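Mapping the sequence shown onto our numbering, position 112 (from 1) lands on 117, and the numbers just tick up by one.
In what follows, a structure is listed as structure tokens, so that the remarks can point back to it.
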Amino acid sequence: MSQSSDRSRPARSQGDDYQSEDTAADIFEEDADPTGDGDDNDALAELYGGEEEEIQDEEGENLFGDDMERDYRPQPELDVYSQSGLDDASEYTELTEGARRAAEREMDERDNLLDEDALLYEQ
């Protein structure tokens with residue numbers, strides 16, 4: 006072999022056993038689907054929306070758009086406030102202005118004592 010033909014070929018070590026002379030372009034075609042599930046990707050894009058929509062909306066998700074009702078599905082068993090902890094049976098009398106001020110003053114004193122003795126993150 007001449008030197009010019011040796012320079013045009015890539016150097017191979019003795020341990021390299023190449024089955025074929027495929028180039029990277031032959032192996033990786035532009036339109037090849039690396040996962041082999043092109044239909045699945047289309048189905049996911051249909052369900053969750055395409056990436057193009059996300060790229061176009063640089064300001065974030067529009068929570069008040071035309072499809073905001075799509076996020077809520079009625080569930081009557083869960084759409085009711087819990088009655089536990091409510092005391093609707095008791096009747097409370099309205100406090101007079103003086104009684105309310107006295108109660109607030111007492112609560113403020115209690116809160117100030119707690120604040121002096123403990124740090125906020127220790128409570």
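Note that CB positions come from ideal geometry on N, CA and C, so glycine has one too.
The structure displayed is predicted, hence computed values, not measured ones.
Beta-carbon proximity check, residue i vs residue j, cutoff 8 Å
| i | j | result |
| --- | --- | --- |
| residue 108 | residue 100 | yes |
Cβ neighbours of residue i in the same chain (closer than 7 Å, five flanking residues each side left out)
| i | result |
| --- | --- |
| residue 50 | none |
| residue 67 | none |
| residue 80 | none |
Short CB-CB distance (under 8 Å) between residue i and chain B
| i | result |
| --- | --- |
| residue 87 | Within the model displayed, chain B is absent; a lone protein chain is all it includes. |
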